[in-house]
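There are 2 protein chains.
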Amino acid sequence: MNHSPTIGEYLIQRLRHHGVGHVFGIPGDYVLGFYELLHQSDLTLINTSDEQGAGFAADAYARLRGLGVICITYCVGGLKVANPVAGAFAERSPVVVISGAPGIGERVKDPLLHHKVRNFDTQRKVFEQITVATTVLDNPDTAYQEIDRVLHAAFRHKRPVYIELPRDCVNLCGPAGYQPIEFKNVSNEDALREAVAEAAAMLNNAKRPVILADIELHRFNLQRAAMQFIEKTNIPFASTILGKSVLDELHPLYLGVYEGAMGRDDTRQIVEESDCLLLLGNIFTDINLGIFTAELNLDCVISATAERITIRRHHYEEVTFEDFLLGLLHADIRQRPFDPPIVHNHVAPFEPKPDAPVTIARLFQQIDDFLADDTLVISDVGDALFGAADLHIHKRTEFLGPAYYASMGFSVPAAVGAQLANPKRRPLVLVGDGAFQMTGIELSTALRYHLNPIVVLLNNRGYGTERHMQDGPYNDLQPWRYSKLPELLGGGKGWEVRTEGELAKALEEARENTSTFSLVEVHLAPLDRSPALDRLAKRIQKRLAGQ
Amino acid sequence: MNHSPTIGEYLIQRLRHHGVGHVFGIPGDYVLGFYELLHQSDLTLINTSDEQGAGFAADAYARLRGLGVICITYCVGGLKVANPVAGAFAERSPVVVISGAPGIGERVKDPLLHHKVRNFDTQRKVFEQITVATTVLDNPDTAYQEIDRVLHAAFRHKRPVYIELPRDCVNLCGPAGYQPIEFKNVSNEDALREAVAEAAAMLNNAKRPVILADIELHRFNLQRAAMQFIEKTNIPFASTILGKSVLDELHPLYLGVYEGAMGRDDTRQIVEESDCLLLLGNIFTDINLGIFTAELNLDCVISATAERITIRRHHYEEVTFEDFLLGLLHADIRQRPFDPPIVHNHVAPFEPKPDAPVTIARLFQQIDDFLADDTLVISDVGDALFGAADLHIHKRTEFLGPAYYASMGFSVPAAVGAQLANPKRRPLVLVGDGAFQMTGIELSTALRYHLNPIVVLLNNRGYGTERHMQDGPYNDLQPWRYSKLPELLGGGKGWEVRTEGELAKALEEARENTSTFSLVEVHLAPLDRSPALDRLAKRIQKRLAGQ
């Protein structure tokens with residue numbers, strides 16, 4: 005018997021086909037029918053406390069698994085994820101937003117159904133601004149094709165897409181005999197050959213070439229190819245803060261994180277003095293460029309991204325990132341002598357001074373010492389992010405942080421998504437008290453689904469980054485007793501520490517506590533800051549003053 | 005010396021002029037300069053835990069004070085309030101969104117500044133969908149006028165507006181000698197006379213006229229006029245659930261809340277059998293109309309709203325709501341004999357059965373008995389809202405609930421905004437466990453600013469309304485120990501109750517606890533529900549099944 009799947013079934017099939025195992029969200033009446041379908045499928049539903057948490061969780065899941073899914077109800081659910089979806093857009097994370105909606109049959113005469121804002125297409129219009137493709141699955145004849153088109157856009161651009169599913173269409177069947185469309189991007193062969201030859205010649209002529217690796221290497225699954233190229237040519241490499249950990253940070257040719265004047269001087273010097281800089285998958289954001297303190301000589305730059313290939317000041321539009329990198333890998337580029345750069349790159353064993361109050365600078369050294377091979381570091385915004393730049397991440401792509409969009413509240417829900425995406429990694433969350441007050445309550449979700457992230461809460465009693473730009477009572481916070489959170493949630497473990505000795509003990513106990521989340525509150529002086537934040541704050545302060 | 009105010013100063017002056025005393029939000033670097041200006045002004049800044057909380061708080065503030073203000077940073081702050089602002093749009097609450105933004109001088113060459121999504125106008129385009137007016141204050145020559153135009157739109161439509169303030173424009177001065185523009189809506193005199201005469205004739209000819217009062221009476225400050233009209237004519241009146249409490253519910257001519265088949269039968273019968281129904285400020289939403297079970301005979305209907313006046317099936321476009329109602333008040337409409345309707349409307353004294361488990365139906369009777377003259381009831385979505393329909397609210401506009409947009413998580417942050425808007429009222433929050441897990445943490449804000457709401461948390465262990473439509477594990481929640489929340493936040497008082505006796509005791513203790521918030525968790529059976537929810541769930545279940 006030849007029976008087409010329903011629209012809802014087809015959507016679930018395609019998500020499974022693309023490797024999705026979990027869907028994040030909160031149900032509502034307009035999406036209940038599809039929730040029941042999800043529940044009966046082999047996808048696992050993850051309920052967060054608030055929809056915002058589902059948004060950040062799906063973003064982290066997408067960064068690790070290649071696709072993440074949020075499923076929520078119309079407007080009151082959908083508009084709550086506008087911010088996380090915008091962050092996924094900015095930082096190139098392929099998140100699929102599936103929103104329930106009033107049935108087409110209910111929309112006749114434009115009635116004021118609950119959850120409606122202005123018109124029935126208001127939510128879609130909002131998402132048009134923050135996604136690369138949108139669709140409303142209101143026509144069974146085209147619904148399969150629309151699903152394929154929109155999911156393809158998510159893969160092509162590594163950015164969010166929006167699918168609206170009117171509740172009376174979930175169980176309609178599409179056309180019989182439909183074959184899923186597999187899209188493929190191909191390069192113009194001649195343009196590819198020309199671009200690779202030009203880049204190869206520049207690299208071969210260079211005396212001090214350097215590679216700067218960024219997040220698109222990860223998004224387009226080209227980390228292995230990049231590492232092969234590095235090992236074939238022995239060209240040293242750095243990363244940006246957004247791209248931190250895309251390549252192994254314990255590799256002898258690794259130079260550290262480059263962030264212009266914000267970053268380490270030794271790394272900066274080697275990168276900026278290079279006579280041929282190969283940028284792989286870079287996004288030129290302000291923070292990536294050290295608030296525009298980066299000084300790169302365009303005469304020496306080759307930049308390859310998903311959008312285009314640029315050599316010096318000219319562009320190749322019809323060459324894909326993947327084809328270009330594989331082309332370089334197989335081109336005739338000479339191997340240099342293996343000559344590891346003189347960059348202080350090893351992890352010094354950390355000796356806690358038992359009674360010394362914890363300082364930011366020493367905290368990151370202590371954390372660095374604590375990292376294990378299975379640790380996935382997830383930073384929130386502020387010094388949790390800037391200070392993390394110098395951590396030594398052991399494996400590929402084991403650092404996540406909203407280093408461009410910089411939305412506070414990312415890290416705790418992201419830890420939920422990340423650990424479900426890769427259960428072999430244990431998240432270590434670095435989060436300030438300000439960000440924790442926004443979304444830290446999503447540890448409830450970690451508890452419910454038996455996840456065991458370790459959360460290190462940097463409590464400097466306020467919005468610390470802002471204190472250094474301009475201070476006032478608006479940078480203060482209600483002083484929570486964070487370590488009591490497990491009592492509210494009914495599980496998990498909490499610690500409150502002030503000294504290096506207490507922190508060492510808490511971290512070890514947290515490592516042993518594998519069955520639930522661990523929350524380690526670290527008291528810090530309000531005006532303590534990392535050297536990186538010190539430099540950043542001074543830059544931003546100047547801009548604030550209009551200089 | 006003749007010195008114009010800066011753009012930032014002018015904006016603050018106009019907000020003060022319109023009665024604003026508080027601004028809700030969280031700072032970020034793009035808005036820090038304006039925050040400092042706010043801090044130095046006589047406006048009071050209220051920091052919430054998350055921006056979402058600021059959104060709901062400002063919405064409630066706007067409903068009580070006539071204007072509410074959210075001030076947040078670019079995108080990572082602004083997009084977090086998309087949902088509360090959409091709710092304010094749907095339910096006609098004049099909220100002003102002020103967003104910091106990158107300076108105009110920083111935007112040259114379209115750099116990737118942090119917090120940017122797609123283009124510099126992405127956030128504005130999103131807010132165009134969910135507000136009635138937007139502006140970017142990037143030109144000192146027009147900035148004053150733009151502020152006046154946009155604030156006027158908020159007043160004219162009682163809906164949100166959006167003001168974006170690039171950080172390098174805050175301290176620029178506008179033109180000297182500018183006079184603020186006071187806009188005024190005027191009716192066409194002839195159309196007004198015709199409409200009032202026609203309505204007066206219908207009312208005079210009617211045997212059983214009824215008034216149905218809704219929220220626009222409150223938004224346009226016409227409650228006193230409506231009550232004068234009722235007392236002049238002795239026409240009985242009902243309200244909708246969205247408009248609940250706009251007129252005194254202890255008045256002898258009050259009929260109760262009309263919600264079609266969802267509401268009480270005695271109220272429904274009188275309303276539907278009326279031969280002349282005067283609708284004052286009604287929004288015809290599905291929930292207001294009892295999920296379209298309302299049966300109103302259009303031959304008998306006069307409907308006056310801010311958009312237009314409709315009599316039977318024809319419309320007057322050039323007549324304002326205010327002029328029409330004042331016209332009726334002064335028209336020659338006969339006074340009927342004072343004949344209070346036979347509707348069971350008094351509050352029965354509640355006698356708790358000490359050991360009886362609390363049920364939803366009895367809970368609302370107990371709450372009704374507990375209401376004081378200074379109580380402001382704030383309902384969240386679900387049975388907290390539906391069950392609240394039959395509470396007897398003592399004063400005008402002392403009930404707030406998202407009865408149309410129905411966004412979960414409204415109530416706790418709304419209590420913060422409401423009590424700051426009117427410190428003479430003490431909020432009583434009715435909230436389910438699902439909604440509380442979304443935004444209940446904003447009790448932190450109540451604590452910080454010394455507010456004392458009483459929160460009654462209806463814990464039925466999940467999304468109770470949905471269980472009755474379609475149940476699955478996706479309607480379950482992590483079982484928090486809600487009464488421990490004060491230990492996390494560092495203040496407030498908590499109770500956990502199961503019986504009517506325990507609830508009575510907790511409510512009395514909460515009443516005495518005037519210095520902090522009180523959180524009373526009430527355990528309920530998961531499938532217990534109010535009669536109103538019973539009827540609603542059955543209607544929605546039918547729609548879900550496509551019937």
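Sequences listed follow chains L and F, in order.
Take 5 as the starting number for the first sequence in my numbering and just add one per residue.
Take 5 as the starting number for the second sequence in my numbering and just add one per residue.
Glycine included, C-beta positions come from ideal geometry on N, C-alpha and C.
Beta-bridge annotation (DSSP): residue 430(L) is paired with 379(L). If only uninterrupted beta strand (DSSP E) runs of at least 3 residues are considered, those enclosed by the stretch 113-185 of chain F are 138-140 and 165-170.
Against chain L, a Cβ distance below 7 Å from residue 23(F) picks out nothing, because the smallest value is about 22 Å.
When C-alpha distances from residue 302(F) are compared across 191(F), 289(F), 134(F) and 280(F), the shortest belongs to 280(F).
Taking a Cβ-Cβ cut-off of 7 Å, the neighbours of residue 121(F) in chain L comprise 90, 93, 94 and 134, given in sequence order. For the stretch 479-496 of chain F, the beta-carbon criterion of a distance under 8 Å to any beta-carbon of chain L is satisfied by 479, 480, 481, 482, 483, 484, 485, 486, 488, 489, 491, 492, 493 and 494. Between residue 288(F) and chain L, the shortest Cβ-Cβ separation is below 8 Å. When Cβ-Cβ separations below 8 Å define contact, residue 520(L) makes no contact with chain F. Residue state for residue 34(F) is assigned as helix, using DSSP reduced to three classes. Annotated three-state conformation of residue 275(L) is helix, per DSSP.
Annotation: residue 322(F) is outside any alpha helix (DSSP H) and is labelled neither H nor E by DSSP. The three-state secondary structure of residue 490(L), taken from DSSP, is helix.
When CB distances to chain F are screened at a threshold of 9 Å, not a single residue of the stretch 351-363 of chain L falls below it. Cβ atoms of residue 524(F) and residue 484(F) stay farther apart than 8 Å, at about 14 Å. Interface annotation, residue 424(F): not in contact with chain L, CB-CB separation never under 8 Å. For residue 213(L), the enclosing beta strand (DSSP E) begins and ends at 213-217. Using a Cβ-Cβ cut-off of 8 Å, residue 476(L) counts as an interface residue toward chain F, since at least one Cβ of chain F sits closer than that to its own. When the alpha-carbon of residue 174(F) is set against those of 143(F), 166(F) and 160(F), the nearest one is in 143(F).
In this structure, the straight-line span from the alpha carbon of residue 274(F) to that of residue 255(F) is close to 17 Å. Between residue 170(L) and residue 105(L), the C-beta spacing is below 8 Å. In terms of beta-carbon proximity, residue 452(F) lines the interface with chain L, with at least one pair separated by less than 8 Å. Residue burial is scored here from C-beta neighbours: residue 518(F) has fewer than 16 other C-beta atoms within 10 angstroms and is therefore classed as exposed.
For a Cβ distance threshold of 8 Å, residue set 86, 130, 133 and 134 of chain F lies close to residue 130(L), ordered along the chain.
By the 16-neighbour rule on beta-carbons within 10 angstroms, residue 228(L) is exposed. Residue pairing of residue 29(F) in beta bridges, as defined by DSSP: 51(F) and 75(F). Neighbourhood of residue 80(L) in chain F, by CB distance below 7 Å: 87, 409, 410, 411 and 412, in chain order.
The beta carbon of residue 118(F) sits closer than 8 Å to some beta carbon of chain L.
Residue range 504-516 is occupied by the alpha helix (DSSP H) that includes residue 512(L).
Looking only at 521(F), 432(F), 307(F) and 445(F), the smallest Cα-Cα distance to residue 380(F) is reached by 432(F). Residues of chain L with a Cβ closer than 7 Å to the Cβ of residue 445(F) are, in chain order, 445. Chain-ordered listing is empty here: chain L has no CB closer than 9 Å to the CB of residue 367(F), the nearest sitting near 23 Å.
Between residue 246(F) and residue 95(F), the beta carbon gap of about 7 Å places them in contact (Cβ cut-off 8 Å). Our two residues, residue 412(F) and residue 366(L), have alpha carbons roughly 43 Å apart in a direct line.
Taken through DSSP and simplified to helix, strand or coil, residue 386(F) comes out as coil. Residue contact check for residue 114(F) against chain L: no CB pair falls below 8 Å.
Near chain L, meaning a CB-to-CB distance below 9 Å, no residue of the stretch 304-337 of chain F qualifies.
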